[in-house]
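Just below is one structure, and these are the notes that go with it.
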Amino acid sequence: MPKENKLTNLIRQQIDVENEHIKNLVDLRKEVGNAATRLLLLEMRLDSEKHVSMLNEMLEILEGIPTNTSLWDLELEEYIDGVSRTRSEKEFREYVTKENSVLENLREELKHSEDEGIKILFQNIDEDEKKQNRMVKTIVENLYRSARKTSS
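Per my numbering, the sequence shown starts with residue 83, numbered consecutively.
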């Protein structure tokens, strides 16, 4: 069990909120007939499920961290050895490259689509991917760079 503090309590509360949200979205989706609305409800549910997974992972990580230490202050070596670090960095970079290529093609095709509902849903996916790519870039550029410096 992680040390009980304000942060872990807030994380647990957010997990409860997300789980309730998931239940409500599943129930609502059963009652809705509109395709675009059903897709949006599905996306919202999947986002909440992702949030629950991430929050649970945060709790697990926080178990091993001294109280006043930030995740950024921890040595990367505690989590990833040299071989898997190199492999994960390569995988992150390849993922971003492939994802960007597919999304660029999709953006071009959507310029010609007349279906506003599809455009809005794909714009939402595109924004999610842009945000994720920014996070990957931050991790690769900062954490891996600092890990290389400490291992040199």
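Quick reminder that beta carbons are idealized off the backbone N, C-alpha and C, glycines included.
Please work out which residues of its chain come closer than 6 Å, Cβ to Cβ, to MET126, disregarding the five sequence neighbours upstream and downstream, and give them in chain order.
Cβ neighbours of MET126 beyond the five flanking positions: LEU107.
Is the separation between the beta-carbon of VAL178 and that of ASN215 shorter than 9 Å?
VAL178 is a Cβ neighbour of ASN215, given a cutoff of 9 Å.
Are the CB atoms of LEU123 and LEU203 within a distance shorter than 9 Å?
A distance of 9 Å or more separates the beta carbons of LEU203 and LEU123.
Do you know offhand how far LEU192's Cα is from PHE174's?
Answer to the nearest angstrom: the Cα atoms are 26 Å apart.
In the DSSP assignment, the alpha helix (DSSP H) including HIS133 goes from what residue to what residue?
Where HIS133 is concerned, the enclosing alpha helix (DSSP H) stretches over 117-145.
So the candidates are ILE93, ASP98, LYS219 and ASP197; which of them puts its Cα closest to the Cα of GLU142?
Here the closest residue by C-alpha is ILE93.
Give the DSSP-derived three-state secondary structure of HIS103 in the structure shown.
The answer is helix: DSSP assigns HIS103 an H, G or I state.
Proximal residues to VAL218 (C-beta, below 6 Å), its chain only, five neighbours per side dropped:
Within the same chain, PHE174 and VAL178 come within 6 Å of VAL218 by CB-CB distance, once the 5 residues on both sides are set aside.
Would VAL134 pass as a contact of ASN101 if the rule is Cβ separation under 9 Å?
Taking the C-beta atoms as reference points, ASN101 is found nearer than 9 Å to VAL134.
Cβ neighbours of ILE97 in the same chain (closer than 6 Å, five flanking residues each side left out)
The answer, listed in chain order, is VAL134 and LEU137.
Less than 8 Å between C-beta atoms, sequence neighbours within five positions excluded: which residues of the same chain meet that for ALA117?
Hits under 8 Å: GLY199.
Keeping to the same chain, check which residues put their C-beta closer than 8 Å to that of VAL222; ignore five residues upstream and five downstream.
Setting aside the 5 residues that flank it on each side, VAL222 is surrounded in the same chain by GLU171, PHE174 and ARG175, each with a C-beta closer than 8 Å to its C-beta; the list follows chain order.
Exposed or buried, SER130, counting other C-beta atoms within 10 Å across all chains shown (16 or more means buried)?
Under this definition SER130 is a buried residue.
Indicate whether GLU211 and GLU190 have their beta-carbon atoms separated by less than 9 Å.
For the 9 Å CB-CB criterion, GLU211 and GLU190 do not form a contact.
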